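Asks: Encoded as structure tokens, here's the structure I'll be asking about.
Residue numbers (the working numbering), protein chains in the order written: chain V, 1 to 316; chain R, 1001 to 1117.
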């Protein structure tokens, strides 16, 4: 199925969302208490004593729509085959819906006190982990989505047989560095109000620090990449690489959107930490790899030269 | 930055590495203040002994091109004059060409002194 048709189907499914939302409002509105307990309030009840029914119902409707849309869109866009979005899209949706499911349970139990419902947060977390594991297993057993085999790109470089090659470079996101520092400062301030709030802010700071830097290393063995702390190291062996090219990320979203004539949607592995140059590595496992890197055109040239080098382990 | 070493070349591995750093400086791919890859990473990527890389870095330091600091690795000298590096490369090429032509160092020096300036 073409990408345009996938989008059309997804759009149709989106129309279901308002129906579900209005229906939920009509059926549930008169049966809800004035305030609904907030079990995951990080401040331990200092800042919030619950949410109102309208907010809850809106979130619940959105959750229903998200789960439906993400599953259908994933199945359609991957042509029934394997796709990383089998994990990413539905996992986020299921996480949100299981949170709301927990709140529904609280309401049906008669809206007990906040302290009594907080342990249910852990039940939700376990449910989410179980769902995530299920989807990961589903992803691993599904067949690969069919794609045409592409010829390797020509390279401006030529490596004679026997030459040992190493290309190293990195990419940094100054924005994420500043965000990390700002969040660490905010965590210090939040510690005065609540320890759990400070921990939550620190976790966010850790995430930004984690994705502040990408290091890429290209050798005769393939492409290795890692994050700021140097662990874990991911490797794509040379024999699994078809070709590489440089791209430009023009819009930075949650998944790092590539906007060009070939890839207007992200579907694959990615380590995109900022807008700008990325190298796209197309592999035999049909999962394109996008890596933020300086001098992406040079990196692509090195990879292509290695792939077609006579006697190399590459596809050429 | 791209490195490549040929184990079958008559030029030593450390000389090959040092020469590529000099070439990168002249071409502008490396600039004053840039960091060189850690010796351990370079050694493992090129499948050479780490002492080979350290020897190359030491030669570059002796040439006044890089600074080696404990715990901070190798860095191109921030005040480096790339023109001097370019001249150094040309002198090396000149000496190599003279050797190929059977011209001794003394003869080469004499010719340089006699050259119009």
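Using N, Cα and C, we set each Cβ at its ideal position, and we do this for glycine too. Quick caveat: nothing in here was measured; it's all calculated off a predicted structure.
Using a C-beta cutoff of 8 angstroms, does residue 289 of chain V count as contacting chain R?
Replies: So, not an interface residue.
Asks: If you draw a straight line from the C-alpha of residue 1010 of chain R to the C-alpha of residue 202 of chain V, how long is it?
Replies: Using only the alpha carbons, I get a separation of about 55 angstroms.
Asks: Kindly give me the distance between the Cβ atoms of residue 304 of chain V and residue 243 of chain V, rounded to whole angstroms, as I take these residues to be in contact under 8 angstroms.
Replies: That belief holds up - the Cβ atoms of residue 304 of chain V and residue 243 of chain V are roughly 6 angstroms apart, short of 8 angstroms.
Asks: Am I right that residue 246 of chain V and residue 169 of chain V are in contact with their C-beta atoms under 8 angstroms? What's the rounded C-beta distance?
Replies: Rounded, the Cβ-Cβ distance is 12 angstroms, inconsistent with contact.
Asks: Using the Cα positions of residue 226 of chain V and residue 214 of chain V, report the straight-line distance between them to the nearest angstrom.
Replies: If I take the Cα positions, the gap works out to 6 angstroms.
Asks: Does residue 1031 of chain R have its Cβ less than 8 angstroms from a Cβ in chain V?
Replies: No, its Cβ sits nowhere closer than 8 angstroms to a Cβ of chain V.
Asks: Would you mind telling me which residues of chain R sit closer than 9 angstroms to residue 236 of chain V, beta carbon to beta carbon, in chain order?
Replies: Chain R residues near residue 236 of chain V: none, gap ~15 angstroms exceeds 9 angstroms.
Asks: In chain R, what lies closer than 8 angstroms to residue 169 of chain V by C-beta?
Replies: Those are 1001, listed as they occur along chain R.
Asks: Distance, Cα to Cα, residue 266 of chain V vs residue 1060 of chain R?
Replies: Since pLDDT at residue 266 of chain V reaches only 44, below the 50 mark, its modelled position is unreliable, and no value is offered.
Asks: Thinking just about the alpha-carbon of each residue, which of R:1065, R:1111, R:1014, R:1078 is nearest to the one in residue 1118 of chain R?
Replies: There is no way to answer for residue 1118 of chain R, as the model of chain R reaches only from 1001 to 1117.
Asks: Could you name the residues of the segment 1038 to 1066 of chain R whose beta carbon sits closer than 8 angstroms to any beta carbon of chain A, in the order they occur along the chain?
Replies: The structure shown contains no chain A; its protein chains are V and R.
Asks: Is residue 1091 of chain R helix, strand or coil when you go by DSSP?
Replies: Looking at residue 1091 of chain R - three-state DSSP - the assignment turns out to be helix.
Asks: To the nearest angstrom, how far is the alpha carbon of residue 1008 of chain R from that of residue 1109 of chain R?
Replies: Going from the Cα of residue 1008 of chain R to the Cα of residue 1109 of chain R covers about 32 angstroms.
Asks: Report the residue ranges of all beta strand (DSSP E) runs contained in full by the segment 288 to 315 of chain V; include only those spanning at least 3 residues, in chain order.
Replies: Segments of the beta strand (DSSP E) lying fully in the segment 288 to 315 of chain V: 289 to 292.
Asks: In chain V, what lies closer than 8 angstroms to residue 1007 of chain R by C-beta?
Replies: What residue 1007 of chain R touches in chain V: 162, 164.
Asks: For residue 225 of chain V, would you say it is in contact with chain R, using Cβ-to-Cβ distances shorter than 8 angstroms as the test?
Replies: Residue 225 of chain V does not count as touching chain R.
Asks: Do you know offhand how far residue 130 of chain V's Cα is from residue 1040 of chain R's?
Replies: Cα-Cα distance, rounded: 41 angstroms.
Asks: Closest to residue 1044 of chain R by CA distance: which of V:161, V:157, V:217 is it?
Replies: For residue 1044 of chain R, the nearest C-alpha among the options comes from V:217.
Asks: Do residue 1004 of chain R and residue 188 of chain V have their CB atoms nearer than 8 angstroms?
Replies: Result no, Cβ atoms of residue 1004 of chain R and residue 188 of chain V do not sit closer than 8 angstroms.
Asks: Which residues of chain V have a Cβ atom closer than 8 angstroms to the Cβ of residue 1028 of chain R, listed in chain order?
Replies: Per Cβ cutoff of 8 angstroms: no residues; residue 1028 of chain R is ~12 angstroms from chain V at best.
Asks: Among R:1085, R:1100, R:1017, R:1025, which one has its Cα closest to the Cα of residue 1057 of chain R?
Replies: For residue 1057 of chain R, the nearest C-alpha among the options comes from R:1017.
Asks: Closer than 7 angstroms, Cβ to Cβ, to anything on chain R: give me those residues from the segment 198 to 230 of chain V, in chain order.
Replies: Within the segment 198 to 230 of chain V, the residues whose Cβ lies closer than 7 angstroms to some Cβ of chain R are 217, 219, listed in chain order.
Asks: Taking 8 angstroms as the limit between beta carbons, can you name the residues of its chain near residue 150 of chain V, skipping five residues before and five after?
Replies: Correct list, in chain order: 242, 243, 282.
Asks: Determine whether the Cβ of residue 1073 of chain R lies closer than 8 angstroms to any Cβ atom of chain V.
Replies: No, residue 1073 of chain R lies away from the interface with chain V (no Cβ there is under 8 angstroms from its Cβ).
Asks: Take residue 285 of chain V and list the residues in its own chain whose beta-carbon comes closer than 6 angstroms to its own, dropping the five residues that flank it on each side.
Replies: Nothing meets the Cβ criterion.
Asks: Could you tell me how far apart the beta carbons of residue 1076 of chain R and residue 1032 of chain R are, in whole angstroms, since I believe they sit closer than 8 angstroms?
Replies: The Cβ separation is near 5 angstroms, so the contact holds.
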